[in-house]
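So for the sequence shown, our numbering puts the first residue at 4; every next one is plus one.
Backbone N, C-alpha and C define an ideal beta-carbon position, used for all residues, glycine too.
Let me begin by presenting the structure, written as structure tokens, before commenting on it.
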Amino acid sequence: MSLTSCQQYSLDRTSKQSTTVEKYQFGDQDADIKPTQGGLQWFPDTSMWNIEDIQRELGHMTFKPASKWSVDRISRFFSLIERKSIELQQSRPGFGHQYQKLPISTVLNCANTAFGFCNWSSEVVPGSGKLVKYAKSDVAEQCYNVDYELKIRLILKDGTTLTRNGTGSARSLPLSQEFSKCRKEAMTNGLKNCFYSLIGLLVDYEGKVKDGYYDRYKS
């Protein structure tokens, strides 16, 4: 690209503000770049897109199910989770609703049945891991207490995407074991939170459909 830039900066040490003057020269090969008052504007121009257009362009839909397929499959997943929760509640009377206490193996079995084994994927969001707590619990034994947090992203095959926090903890273990344990626990917790949030996404979507929310924004 034959793009040249001459920049002159003046710094007001009192206000700590800078002024930038830019001049651009464009060749024929730069026809896809347009100078605007705010600087360069790259095409396609997304300034007039709504949030759903942008999310579809990126291949992710985070505010609602991306298609009828995901609506149907999330509904099926909800039914399976609810059934397993009732079974667990019946086996442990007096403990109330067992929705959040299902083991990850049960949640994954329900997900594979509802969505299909190859129709969903998950990943740790890069750079999201962080230590929340790190302290020695036993100086003599070199044991530590560690709390760890990260973000998990769940993606269905139609682009429906959710990102949720996961937390893990380890107590009174050698440092070499602490991080492994709490990271695995955080990944498990984050994945469960993603799957449970799909149900909330479905309930919110169905409520908006019933109220005609999406019809108001049709062109």
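In the DSSP assignment, Lys154 falls within the beta strand (DSSP E) that extends over 146-159. The residue among Cys185, Ser94, Gln180, Gln145 with its C-alpha nearest the C-alpha of Lys136 is Cys185. In the DSSP secondary-structure assignment, Arg79 is not bridged to any residue. Counting along the chain, the unbroken alpha helix (DSSP H) around Asn196 starts and ends at 178-213. Under the 10 Å beta carbon count, Val74 is surrounded by 16 or more other beta carbons and is classified as buried. Close CB contacts of Asp150 within its chain, under the 6 Å cut and outside five residues either way in sequence, are with Val135, Lys136, Ser172 (chain order).
When Gly169, Ile89, Ser183 are compared, the shortest CA-CA separation from Met190 is found for Gly169. Counting along the chain, Ser108 sits inside the alpha helix (DSSP H) bounded by residues 107-118. Around Lys67, the same chain offers Tyr208 as residues with beta carbons nearer than 6 Å, after the five sequence neighbours per side are excluded.
Secondary structure of Lys67 (DSSP, three-state): coil. In this structure, the CA atom of Ile107 is about 25 Å from the CA atom of Ser179.
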